[in-house]
Amino acid sequence: WQKIAPRKASDPPVVFHWLPIIGSAIWYGNDPINFFQTCQERYGNVFTFILLGRKVTVALSAKGSNFVLGGKSTAFNAEGAYKHLTTPVFGKDVVYDVPNEVFMQQKKFVKFGLSTENFRAYVGMVEDEVEEFLKTDVRFRTYQQNDINEWGSFDAIAAMAEITILTASRTLQGKEVRDNIDKSFSQLYTDLDGGFTPLNFLFANLPIESYRKRDKAQKKMSDFYVDIITKRKQNPDGDHQHDMIASLLDQTYRGGDKLRDHEVAHIMIALLMAGQHTSSATLAWTMLHLASRQDVADALYEEQVKYFGNPDGSLRPMSYEDLRHLPVLDSCVRETLRVHPPIHSIMRQVREDVVVPASLAAPSKDGVYVVPKDTYVLASPLISQVDPRIWKDGDKWEPARWSDEDGIAAQALKSYVDENGEKIDYGFGAVSKGTDSPYQPFGAGKHRCIGEQFAYLQIGTIIATLIRRIELRLPNPVPDHNYHTLIMMPKDPKSIHYRRRKFD
Ligand code: HEM
3 WQKIAPRKAS DPPVVFHWLP IIGSAIWYGN DPINFFQTCQ ERYGNVFTFI
53 LLGRKVTVAL SAKGSNFVLG GKSTAFNAEG AYKHLTTPVF GKDVVYDVPN
103 EVFMQQKKFV KFGLSTENFR AYVGMVEDEV EEFLKTDVRF RTYQQNDINE
153 WGSFDAIAAM AEITILTASR TLQGKEVRDN IDKSFSQLYT DLDGGFTPLN
203 FLFANLPIES YRKRDKAQKK MSDFYVDIIT KRKQNPDGDH QHDMIASLLD
253 QTYRGGDKLR DHEVAHIMIA LLMAGQHTSS ATLAWTMLHL ASRQDVADAL
303 YEEQVKYFGN PDGSLRPMSY EDLRHLPVLD SCVRETLRVH PPIHSIMRQV
353 REDVVVPASL AAPSKDGVYV VPKDTYVLAS PLISQVDPRI WKDGDKWEPA
403 RWSDEDGIAA QALKSYVDEN GEKIDYGFGA VSKGTDSPYQ PFGAGKHRCI
453 GEQFAYLQIG TIIATLIRRI ELRLPNPVPD HNYHTLIMMP KDPKSIHYRR
503 RKFD
């Protein structure tokens with residue numbers, strides 16, 4: 003446990019709690035959004051809460067996210083917050099297990115692999131995988147029977163998780179991973195994933211089965227990738243030019259060293275874990291909303307028909323360039339990421355005392371708050387993404403807000419009046435660029451996501467391919483958030499009804 007120092011005048015306000023070590027862990031764990039919004043009303047944008055013996059200072063609003071995510075890594079440090087969670091899952095010598103400066107080089111290596119040229123090759127591969135999934139997966143039996151009158155159903159999360167891993171392995175992960183998905187790989191992935199939970203975030207090691215399974219699976223998964231690399235080195239003429247392993251094997255650190263085989267293996271595991279739940283949750287939420295909003299689903303289908311023709315056989319294949327110019331599809335995904343960003347809390351370990359800018363929060367006219375060394379800071383871009391002072395009907399999923407330059411989202415993002423009544427001007431196009439934007443589902447600053455374009459490609463192609471083939475209905479309301487997983491998932495029931503589309 004962290005020793006909690008007595009409160010100083012410059013400390014941000016502390017959230018009231020009855021239990022000394024547990025602090026606000028139960029409220030935060032069960033409903034972080036309600037916790038943050040209630041505390042924001044009570045204490046302002048900056049406050050500290052106790053999370054199982056840790057002192058965590060939350061900085062809300064666009065400025066608050068900028069304060070945390072734009073901080074220097076010597077002050078607000080990501081490895082200090084995440085290493086105990088990620089190293090046992092990803093493996094040694096990558097990401098948060100190495101100094102920040104080394105990880106930043108590794109991140110650049112990954113960026114090389116996420117090239118436009120590779121993306122162009124991926125769109126068709128993703129389309130193929132989804133078509134094949136519809137033709138073979140047991141959940142889509144009525145589709146396979148060519149029955150246009152019979153409704154079938156699928157669980158939003160389970161089906162989307164499977165499509166996500168199939169498409170990610172076919173594209174980024176490479177042929178060997180795709181060929182093993184139905185075999186050993188799937189179980190290894192499940193065991194490894196069992197080590198990527200809020201419990202693992204709170205406790206680095208516990209003598210329990212899920213931790214043992216995680217460690218065993220990590221070793222086997224690492225060996226699996228190293229084996230692929232060894233075989234590729236023995237047979238360099240294989241057809242792998244578009245996948246990430248091929249790209250990483252070409253990369254060289256600044257000092258001239260190549261990435262070692264186990265580093266390539268561990269970066270591949272890190273990418274698998276970074277992309278799997280984030281993309282599958284986004285897919286599941288988008289499908290749930292589309293199933294509950296006939297009007298939007300129809301507009302999306304019409305957009306597909308307009309650009310690519312009727313899916314009865316006269317369909318033109320979608321290209322990467324097409325995908326970037328489909329406003330309805332784009333706004334559906336963008337809107338899902340606004341209301342359901344997969345990551346609700348982004349943490350850093352505080353390595354030196356840091357003054358909170360008075361424009362963000364201050365105890366008095368002349369005073370400043372200081373976030374003390376050896377504690378943690380937390381940003382939650384979700385709070386400003388649904389803030390009713392910025393977005394009209396902020397908690398409502400309404401893709402139309404994104405689709406024209408003068409829409410609600412565009413207005414909110416060109417300029418908005420912040421919590422101090424100050425008018426902030428962004429200018430058009432600041433939506434995903436600025437570290438000070440109220441819309442940041444992919445984070446900001448040094449640790450910003452590099453998977454954004456790949457995620458849009460993967461999610462967009464999957465949704466487009468599905469919506470061309472099936473109609474959707476939701477038998478229940480769109481579910482609430484389940485906060486008991488690291489990534490925000492929909493609660494039960496999350497079943498979607500579908501029917502094969504009829505083409506006249
Ligand atoms: C970082 C969100 C998909 C790879 C991040 C961060 C967020 C995020 C919020 C910042 C974390 C922090 O500051 O601590 C998302 C969302 C996704 C997605 C919403 C999908 C909808 C992906 C995919 C990949 C990926 C598909 C890989 C292909 C990464 C990497 C980082 C990152 C390498 C950098 C971590 C760091 O620098 O510390 N992502 N991500 N993400 N993401 Fe993603």
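Residues are numbered in the numbering used here as their position in the sequence shown, beginning at 1, plus a constant of 2.
C-beta atoms are modelled at their ideal positions from N, C-alpha and C, and glycine is treated no differently.
Here the structure is a predicted model, which is why all the values come from computation and not from measurement.
| Query | Result |
| --- | --- |
| CA-to-CA distance, residue 188 to residue 182, given in whole angstroms | 8 Å |
| With 16 other Cβ atoms within 10 Å as the buried cut-off, status of residue 106 | exposed |
| Test item: CB-CB of residue 59 and residue 377 under 8 Å | yes |
| Residue 491 - DSSP class collapsed to helix/strand/coil | strand |
| C-beta atoms of residue 88 and residue 100 nearer than 8 Å | no |
| DSSP three-state assignment for residue 95, whether helix, strand or coil | coil |
| Rounded distance between the beta-carbons of residue 496 and residue 139, thought under 8 Å | With a Cβ gap of about 17 Å, residue 139 and residue 496 do not count as contacting. |
| Closer than 7 Å: residue 449 CB and nearest ligand 1 heavy atom | yes |
| Environment of residue 65 [buried if 16+ CB atoms lie within 10 Å] | buried |
| Residue 21 classed as buried or exposed, judged by whether at least 16 other C-beta atoms fall within 10 angstroms | exposed |
| C-alpha gap between residue 362 and residue 73, whole angstroms | 14 Å |
| C-beta contact flag for residue 325 and residue 459 at 8 Å | yes |
| Any non-hydrogen atom of ligand 1 within 7 Å of residue 284 CB | yes |
| Candidates 498, 264 and 280: closest to residue 451 by CA position | 280 |
| Element boundaries [alpha helix (DSSP H), containing residue 116] | Counting along the chain, residue 116 falls outside any alpha helix (DSSP H), and DSSP gives it neither H nor E. |
| Length of the line joining the Cα atoms of residue 285 and residue 393 | 23 Å |
| When 109, 42 and 84 are compared against residue 204, the one with the closest alpha-carbon | 84 |
| 4 or more residues per run - each alpha helix (DSSP H) lying fully within the region 253-325 | 263-294, 296-310 and 322-325 |
| Candidates 379, 498 and 491: closest to residue 67 by CA position | 379 |
| Residue 271 beta carbon near ligand 1 (any heavy atom closer than 7 Å) | no |
| DSSP-derived helix/strand/coil call for residue 354 | coil |
| Residue range of the alpha helix (DSSP H) that includes residue 143 | 143-146 |
| Neighbour-count burial assignment, residue 397, 16 or more Cβ in a 10 Å radius | exposed |
| Three-state secondary structure (DSSP) of residue 484 | strand |
| Range covered by the beta strand (DSSP E) that runs through residue 377 | Residue 377 -> no beta strand (DSSP E), and no H or E assigned at all. |
| 6 Å Cβ shell around residue 214 - same chain, five flanking residues per side excluded | none |
| Residue 366 versus residue 404: straight-line alpha-carbon distance, rounded | 39 Å |
| Coarse secondary structure for residue 157, derived from DSSP in three states | strand |
| Neighbourhood of residue 505 by C-beta distance below 8 Å, restricted to the same chain and skipping five residues each side | 312, 313 and 314 |
| Reduced DSSP secondary structure (H/G/I, E/B, other) of residue 509 | The question about residue 509 has no answer here: the residues shown for the chain are numbered 3 through 506. |
| C-beta atoms of residue 349 and residue 92 nearer than 8 Å | no |
| Presumed contact (8 Å Cβ cut-off) between residue 489 and residue 271, rounded CB distance | Not confirmed; about 17 Å, so no contact. |
| According to DSSP, residues forming a beta bridge with residue 498 | 156 |
| With 16 other Cβ atoms within 10 Å as the buried cut-off, status of residue 446 | buried |
| Residue 477 CB to nearest heavy atom of ligand 1 below 7 Å | no |
| Reference residue 110; option with closest CA among 254, 356, 443 and 343 | 254 |
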